Every structure is written in C-alpha cells, then in structure tokens.
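A.B. asks: Residue numbers (this note's numbering): 3 to 422.
Cβ atoms here follow ideal geometry from the backbone N, Cα and C, with glycine treated the same way.
None of these values were measured; they are calculated from a predicted model.
Here's a structure for you.
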C-alpha cells in the first residue's frame with residue numbers, strides 16, 4: 003500500500019514510525035512531516051489546507067490510504083474532500099470532527115445523550131457570561147469553544163480573574179474566532195486519564211489508557227501546555243473503570259454520533275476525570291492524542307494498517323487487536339520560553355539511544371547545512387518502553403542527555419505518580 007500521513011508533529015512521527023513497520027507498506031509519504039519523519043518515509047511540502055492539492059497529490063502518488071493526524075484538517079473537512087474523490091481515509095469527516103471542533107456542540111451532545119460530564123453553560127456575550135458567573139458558587143474552568151491548540155482552557159482562581167479571562171476571550175478576541183463562544187464549566191477534581199478508542203462508526207475498541215502531564219513544571223506547577231509527557235498503561239485505570247468508561251461514555255458517544263448522522267470513523271479520544279462520583283468527561287478529541295500516541299503506539303502489536311482498514315470497512319469486530327504486556331513513558335523536550343514565546347533555530351546534537359528507546363520529533367526541521375534544528379515549542383518526545391513503568395522511567399531518563407539543544411527544558415517527574 004502507498005500511504006500518506008497528514009501532519010508534522012510528534013504524533014505524526016509516531017504514526018509514521020508505526021506504519022513503516024507494516025509488511026503491507028510499499029511507500030510512505032508524510033505531508034509535511036519533520037526532520038524525524040524523513041527516516042520513515044518521504045516528506046512532501048504541500049499546503050494541507052488546500053484540499054484540491056492534497057487530492058491531486060493522492061492521485062499522483064497513487065495513495066491507497068490517508069491517515070490524518072491533526073484536528074484542524076479534520077475539522078476543515080479534509081476527509082470529506084478525499085472521500086468525494088474516492089480516496090480512502092482514516093479519520094472522521096467534518097460533521098463527526100465537530101465533537102472536538104466545538105466544545106459547545108460537544109457539551110450539548112453529552113447532555114442529549116446522558117454522557118456524564120461537569121455542569122456547564124455556554125455564552126457568546128461577555129455581559130451574559132459575567133451575569134451567570136455571579137449566580138454560581140463553585141470553582142470553574144473557562145474553555146474556548148473552538149480549536150485553540152490545547153491552550154484554550156483557563157482555570158481562574160478568583161471572580162476578578164474569571165471576568166478578566168472572559169473579557170480577553172469574548173471582547174478582546176485573544177483566541178480569534180475560536181473564542182466566539184465560551185463554556186463556563188464546573189471545575190471537578192480527580193486524576194485525569196486519556197482513553198482512545200478505534201471506531202468503525204458502530205463498534206469501538208479501546209487502546210491502552212494513558213496519563214498526560216499538562217503543566218510545564220514538576221509537581222504539576224507552572225502554565226498549562228499541550229502536554230509535557232505521558233505514560234501507558236495507567237495503573238489507576240482498572241479493568242472495572244475501563245468497562246465503566248466503555249459502557250457509559252465511549253459506546254454511547256459512538257452510538258449517539260451515528261444516530262445524529264455523524265458516523266464517527268477513526269480515533270475518538272476521551273479525556274476522563276476519575277471523580278469520587280464516577281467517571282466524568284472533560285473533553286473529546288477527534289484524533290490520536292499528542293503526546294499519548296507516543297506511548298500507546300509502541301505498545302501496539304497489531305498492524306496499524308489492518309486496524310485502519312477494518313475501521314473504514316465497518317469490520318472492526320472482525321479483527322483482534324493485540325497489545326504488548328509492557329509499559330511506555332514519554333518525556334517532552336521543549337524549547338526555552340515554551341509555552342509562551344519560544345526560541346527556535348537551535349542546533350540539536352544526538353548520541354545513540356538504548357534499545358526500545360526512540361526520539362519522536364515534533365518541532366524540528368533541517369537547515370541549509372542539513373543540520374537538525376529546533377522549529378517549535380515542543381521539540382521532541384523521548385519515549386522508552388520496558389517490562390514495567392519503573393524500568394521505562396529509568397530507561398527514558400538515562401537516555402535524556404543524549405538529545406540536547408540550547409535552552410532545552412523538560413519535566414523530571416513524568417510517571418512518578420504511577421510508581422509504587
């Protein structure tokens with residue numbers, strides 16, 4: 003098969019690395035890819051927002067299957083454009099991707115389908131939002147409704163802070179059109195778990211549950227980020243909790259989307275909070291998580307192309323998906339200044355990594371001298387897997403100095419809460 007992966011981050015490098023292992027692969031292309039994906043296949047420089055260019059590329063390269071990584075092309079209807087051109091695609095169409103693209107839609111969908119989530123209200127008017135703020139007496143989270151690259155969730159500690167946040171989003175347009183609407187949500191507490199499932203629109207099969215680390219600094223301090231590391235499987239997420247999540251959250255979501263004419267094919271990601279009153283949904287994403295993918299895919303034993311085909315053909319229940327009895331840990335290496343104004347263009351040096359350790363590139367490119375340089379906030383996801391979380395943690399941190407660039411920052415406590 004000739005495969006095209008859409009995207010250029012750490013998730014897409016992990017996807018390319020996994021697909022490159024398939025005996026069914028003839029040729030792999032990544033649009034646009036990064037300095038790491040070049041090892042797995044051929045990077046192609048193309049504007050992925052220009053759907054006709056992507057369709058033409060698929061015809062020219064005789065692509066048999068497209069795997070779309072990021073949320074923006076999914077929300078923009080790239081799958082619809084490819085499907086209209088009879089090109090097979092693994093990922094939800096525009097209507098199904100709205101479960102991530104609009105937090106207002108997502109919350110209303112959960113209410114309609116009795117999917118457990120926190121209390122909320124949504125607003126497009128600053129005055130109405132502030133009026134509502136004065137009627138509630140519990141801590142809140144303010145969420146930008148549209149796509150904000152993982153940065154549209156704010157946790158204000160005071161009423162003044164909440165009001166200032168609402169003003170910056172709704173009046174000052176801090177997030178552009180993504181902030182035309184906001185969700186004001188009850189802030190619930192507990193441990194967070196990322197559970198992704200493969201879906202063919204009718205059935206869903208869970209992946210290994212992971213836990214992400216959103217805060218920049220050790221001990222969950224500092225600003226929120228797109229994710230500073232992850233580990234899988236999450237020991238806190240027992241078999242009983244998995245069954246609860248599938249029965250009360252994931253299967254009803256797949257069924258509800260199908261019943262509303264939004265058949266969901268691809269990967270559905272549920273951000274779950276384990277509260278004392280049971281599982282609550284924090285958010286849905288319409289694609290593989292990042293950095294969760296970097297710890298989940300190394301544990302997958304089944305050919306990803308076989309799974310993608312089964313999802314597209316509506317035959318997910320006919321395939322057995324197998325996982326390694328191991329654990330994986332990913333530590334994100336970020337640029338100086340992340341998540342605010344980042345310093346880029348720093349030359350990266352590498353030493354040879356241990357077995358079962360891989361450096362997934364996220365924000366890298368090659369310069370005119372063919373040297374690898376940094377080109378974003380999150381630069382690498384260093385991932386190791388072993389027979390236990392403890393050994394995977396030891397392995398990843400013993401390799402961390404083998405990848406270096408000026409100003410590198412990373413957390414030193416990834417997966418600590420999973421250790422006995």
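DSSP on residue 296, reduced to helix/strand/coil?
C.D. replies: It is helical.
A.B. asks: Whose CA, out of 30, 407, 400 and 152, lies closest to the CA of residue 64?
C.D. replies: Checking every option, the nearest Cα to that of residue 64 belongs to 30.
A.B. asks: Pairing CB atoms from the stretch 289-304 with CB atoms from the stretch 321-328, are three or more of them under 8 Å?
C.D. replies: They touch, by the three-pair rule.
A.B. asks: If the criterion is Cβ atoms closer than 8 Å, does the pair residue 156 and residue 75 meet it?
C.D. replies: Contact: no.
A.B. asks: Please specify which runs of the alpha helix (DSSP H), each continuous and at least 4 residues long, are wholly inside the stretch 139-189, giving them in chain order.
C.D. replies: Counting only runs of 4 or more, we get 161-168.
A.B. asks: Near residue 4, which residues of its chain fall below 7 Å by C-beta distance, leaving aside the five closest residues on each side in sequence?
C.D. replies: Contacts found: 28, 29, 63, 64, 65 and 66.
A.B. asks: Which value, in whole angstroms, describes the spacing of the CA atoms of residue 229 and residue 223?
C.D. replies: Their Cα atoms are separated by approximately 13 Å.
A.B. asks: Could you tell me the alpha carbon to alpha carbon distance between residue 275 and residue 238, rounded to whole angstroms?
C.D. replies: Cα-Cα distance, rounded: 12 Å.
A.B. asks: So if DSSP puts residue 92 in a beta bridge, which residue, or which two residues, is it bridged to?
C.D. replies: According to DSSP, residue 92 bridges with 69.
A.B. asks: Around the C-beta of residue 292, are 16 or more other C-beta atoms found within 10 angstroms, so that it is buried, or is it exposed?
C.D. replies: By the 10 Å Cβ count, residue 292 comes out buried.
A.B. asks: Going along the chain, which unbroken runs of the beta strand (DSSP E) with 3 or more residues stay wholly within the stretch 338-401?
C.D. replies: Runs found: 359-363, 366-368, 374-376 and 380-388.
A.B. asks: Return the CA-CA distance between residue 331 and residue 391, expressed in angstroms with no decimal places.
C.D. replies: Their Cα atoms are separated by approximately 7 Å.
A.B. asks: Assuming residue 184 contacts residue 138 under a Cβ cut-off of 8 Å, what Cβ separation, rounded to an integer in Å, is found between them?
C.D. replies: Not really, about 14 Å apart at Cβ, beyond 8 Å.
A.B. asks: Considering Cα atoms alone, identify which of 347, 217, 311 and 98 is closest to residue 370.
C.D. replies: Here the closest residue by C-alpha is 347.
A.B. asks: Taking only three categories from DSSP, how would you classify residue 134?
C.D. replies: Helix at residue 134.
A.B. asks: Answer yes if the stretch 266-283 comes into contact with the stretch 352-359, meaning at least three C-beta pairs across the two stretches below 8 Å, and no otherwise.
C.D. replies: No, because fewer than three Cβ pairs between the stretch 352-359 and the stretch 266-283 fall closer than 8 Å, the two stretches do not touch.
A.B. asks: Can you tell me whether residue 168 is buried or exposed? The criterion is at least 16 other CB atoms within 10 Å of its CB, across all chains shown.
C.D. replies: Label assigned to residue 168: buried.
A.B. asks: Please report the straight-line C-alpha distance between residue 379 and residue 39, rounded to a whole angstrom.
C.D. replies: So the two alpha carbons sit approximately 18 Å from each other.
A.B. asks: Does the beta carbon of residue 400 fall short of 7 Å from some heavy atom of the ligand GDP?
C.D. replies: This structure lacks the ligand GDP, and indeed carries no ligand of any kind.
A.B. asks: Please classify residue 240 as buried or exposed, where buried requires at least 16 other C-beta atoms within 10 Å of its C-beta.
C.D. replies: Residue 240 is exposed by the Cβ-count criterion.
A.B. asks: Taking all protein chains shown into account, decide if residue 349 is buried (16 or more other Cβ within 10 angstroms of its Cβ) or exposed.
C.D. replies: Residue 349 is exposed by the Cβ-count criterion.
A.B. asks: Does the distance from the C-beta atom of residue 272 to that of residue 251 stay below 8 Å?
C.D. replies: In contact: residue 272 and residue 251 (Cβ atoms closer than 8 Å).
A.B. asks: Looking at the secondary structure, which residues open and close the alpha helix (DSSP H) in which residue 34 lies?
C.D. replies: It is not in any alpha helix (DSSP H) - residue 34 instead sits in the beta strand (DSSP E) that spans 29-34.
A.B. asks: DSSP beta-bridge partners for residue 406?
C.D. replies: According to DSSP, which records beta bridges pairwise, residue 406 is partnered with 351.
A.B. asks: DSSP on residue 289, reduced to helix/strand/coil?
C.D. replies: Coil at residue 289, not helix or strand.
A.B. asks: Please identify the residue among 87, 33 and 103 whose C-alpha is closest to the C-alpha of residue 71.
C.D. replies: For residue 71, the nearest C-alpha among the options comes from 33.
A.B. asks: Contact between the stretch 164-181 and the stretch 277-285 is defined here as three or more beta-carbon pairs at a separation below 8 Å; is this criterion met?
C.D. replies: With the cut-off at 8 Å, the stretch 164-181 and the stretch 277-285 do not touch.
A.B. asks: Residue 277 by DSSP, collapsed to three states: which one?
C.D. replies: Note: residue 277 maps to strand in three-state DSSP.
A.B. asks: With DSSP run on the structure shown, which of helix, strand or coil describes residue 116?
C.D. replies: Coil at residue 116, not helix or strand.
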